[in-house]
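Residue numbers (our numbering), protein chains in the order written: chain V, 1459 to 1747; chain B, 1459 to 1747.
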């Protein structure tokens, strides 16, 4: 997808607004550490691509929305990695935030990033306030309760977990926010964009499961095979590698087919195909053969 | 101050929106537990009083703003109580959230309440979007970095703590959001209301220090004398009880004097005095004599 440099610079501006006079230095450093360098930035790139598809490429509103979605994603990674949940030592090829700093700072970094995400869109939409209420609603639905990331994560604290709901909340919801938020930032009707977010989110989750089983630690930026080690329910455990890859391909086809008629429809369909190749490169799939 | 029933019912509506289909049941129960029954609800009552002072009593926008401020306050209590910070066993006369549920749920409850606070104002301001950007900015400044609650809390992770900054961020900032947010919700200029929030926040902090030293566990709803046990820097340690009470009284006088000319000015000055008596009742002060 597109707009990578715009996203990085929007994230830099947002982080710099925290890393300012009065901020305790370790917190400031840890906020920056949690956001840079990033991963694939797939959610914000998706958001920007939809805004462009809706006729507003490179719009400051879309870029701010994209950056806020990424800040919310980073917040969820920092809190998921904490000792009481995954106790992850490594993230993006280096120590997780609570390992590099400490648990207290990691707790506060997650909180600060959630708050920053809403501050960032509020600032950007000051001149287009009509678009702000629905945008904030879309973001909050994606990360809060009852249907967002926090709810998804809380299923890990129950005796039994409804798998589909768990995945939809923990992964799908923020992908939906990326497509819906992209449309809303462009002043477009978000409804036709939900399915694209939903199917891409599910495809991403399956690709993640497949990569966890087939890729190396270094390729992943964290220990591979962790799902199997933790006995997590994954698409692989259900379908096997070949079945999971087939399911991934059918989701990508559905995602591409769901793209509504709009100025950038053709361009978006190509992007979905490119993204699919990036998620599951042929070189990786050969290992499954 | 006023509007207590409106605040409780707005909090109930907000919490019920989490406690909905799809929410993991333990998370839903813990969110409710963190918000009800509440403490004095001093911040949301202050917010409502300012909106009334600005000519919009009982406005749904003010009530929503007040409820969101209380949700942010509850979130900060839940995260501050966690084992990595205060490891508080008791809050509001019963087990803290992580004791009643567990640490993972308490982490997620704090996250969910922060998100809910922004969702709640976004929903309420859908028909008055012009007022939303500045309101969200005021709320986020009060709770995030570099100058809000999260930053204040992060000073506890540094080798040395600038006391005034620490208190202003950890306590003062949300009081400022209460007065500024009350004015913004009413479409009024927030600038003249900052000093009232600042001075009341400082007075509240000092009253809290005095109560911690003089009140019983039951009156406080948590163990008394905790500041001294933890060797925390307080107004008492600096000024002694009599000096702290004097400082409290001078802050209350400054707060009352700061109230700008507005339809409800006289009423607000009376409320500040009543609140001062509630914060430090004569019966408590007799113990210091």
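Even for Gly, the Cβ is constructed at its ideal location relative to N, Cα and C.
ask   = Hey, out of V:1594, V:1619 and V:1537, whose CA is closest to residue 1691 (chain V)'s CA?
value = V:1619
ask   = If we call anything under 9 Å between Cβ atoms a contact, is residue 1608 (chain B) one with residue 1569 (chain V)?
value = yes
ask   = Touch check for the stretch 1507 to 1524 of chain B and the stretch 1619 to 1629 of chain B: three-plus C-beta pairs under 8 Å?
value = no
message = I'd like to know whether the C-beta atoms of residue 1612 (chain B) and residue 1603 (chain B) end up nearer to each other than 9 Å.
response = yes
task = At 7 Å on the CB atoms, spell out the chain B contacts of residue 1405 (chain V), in chain order.
result = Outside the shown range of chain V, which is 1459 to 1747, sits residue 1405 (chain V), and nothing can be said about it.
Boundaries of the alpha helix (DSSP H) in which residue 1643 (chain V) is found, first to last residue = 1631 to 1643
key: the stretch 1701 to 1715 of chain B / the stretch 1647 to 1661 of chain B touching (three or more Cβ pairs under 8 Å)   = yes
ask   = Any idea if residue 1715 (chain V) is buried or exposed, counting beta-carbon neighbours within 10 angstroms, 16 or more meaning buried?
value = exposed
query = Looking at residue 1598 (chain B) and residue 1469 (chain V), is the spacing between their C-beta atoms short of 9 Å?
reply = no
ask   = Which residue's Cα is closest to the Cα of residue 1489 (chain B): B:1567, B:1651, B:1549 and B:1700?
value = B:1567
query = In chain order, what residues of the stretch 1599 to 1633 of chain V put their CB closer than 8 Å to some CB of chain C?
reply = Annotation note: the requested chain C is absent from the structure, which comprises protein chains V and B.
ask   = What number of angstroms, rounded off, separates the C-alpha of residue 1531 (chain B) from the C-alpha of residue 1680 (chain V)?
value = 35 Å
ask   = According to the Cβ coordinates, are residue 1594 (chain B) and residue 1590 (chain V) closer than 9 Å?
value = yes
Residue 1515 (chain V) versus residue 1725 (chain V): straight-line alpha-carbon distance, rounded = 12 Å
inquiry  = Please return the same chain residues whose Cβ sits closer than 6 Å to the Cβ of residue 1492 (chain B), not counting the five positions on each side in sequence.
reply    = 1532, 1536, 1555 and 1567
task = From the DSSP output, in three-state form, read off residue 1650 (chain V) for me.
result = helix
Residue-chain proximity (residue 1470 (chain B), chain V), Cβ-Cβ < 9 Å = no
Any C-beta of chain V under 9 Å from that of residue 1691 (chain B) = no
Within the stretch 1563 to 1618 of chain V, ranges of the alpha helix (DSSP H) (whole runs, at least 4 residues) = 1590 to 1601 and 1607 to 1612
Residues of the stretch 1582 to 1593 of chain B with Cβ closer than 7 Å to any Cβ of chain V, in chain order = 1583, 1584, 1587, 1588, 1590 and 1591
key: Below-9 Å beta-carbon distance, residue 1561 (chain V) vs any chain B residue   = yes
query = So is residue 1578 (chain B) buried or exposed if we call it buried at 16+ other beta carbons inside 10 Å?
reply = buried
inquiry  = Can you tell me which residues form a DSSP beta bridge with residue 1548 (chain V)?
reply    = V:1553
ask   = Is residue 1706 (chain V) helix, strand or coil when you go by DSSP?
value = helix
inquiry  = Quick test of your reading: residue 1522 (chain V) and residue 1465 (chain V), contact by CB under 8 Å. State the CB separation rounded to the nearest angstrom.
reply    = That pair is no contact at about 10 Å.
query = Closest Cβ-Cβ distance between residue 1483 (chain B) and chain V: below 9 Å?
reply = yes
Check whether residue 1481 (chain B) and residue 1605 (chain V) have beta carbons under 9 Å apart = yes
task = Run the proximity test for residue 1549 (chain V): is its beta-carbon closer than 8 Å to any non-hydrogen atom belonging to the ligand MN?
result = In terms of ligand content, the structure shown is empty, and the ligand MN therefore cannot be addressed.
key: Buried versus exposed call for residue 1688 (chain B) [16 or more other C-beta atoms within 10 Å across all chains shown]   = exposed
request  = Could you check how far apart the C-beta atoms of residue 1668 (chain B) and residue 1702 (chain B) are, in whole angstroms? I think they sit under 8 Å.
outcome  = 5 Å
task = Could you tell me which chain V residues have their CB closer than 9 Å to the CB of residue 1531 (chain B), listed as they occur along the chain?
result = Residues of chain V passing the Cβ test: none, with the nearest at roughly 13 Å.
message = For the alpha helix (DSSP H) containing residue 1498 (chain V), name the first residue and the last one.
response = Careful: residue 1498 (chain V) lies outside any alpha helix (DSSP H) and carries neither H nor E.
ask   = What number of angstroms, rounded off, separates the C-alpha of residue 1647 (chain B) from the C-alpha of residue 1736 (chain B)?
value = 29 Å
query = In or out: residue 1741 (chain V) buried (at least 16 other Cβ within 10 Å) or exposed?
reply = exposed
ask   = How many angstroms separate the CA atom of residue 1698 (chain B) from the CA atom of residue 1745 (chain B)?
value = 14 Å
request  = Evaluate residue 1576 (chain V) with the Cβ neighbour count: other Cβ atoms within 10 Å of its Cβ, from every protein chain shown; 16 or more gives buried, anything less gives exposed.
outcome  = buried
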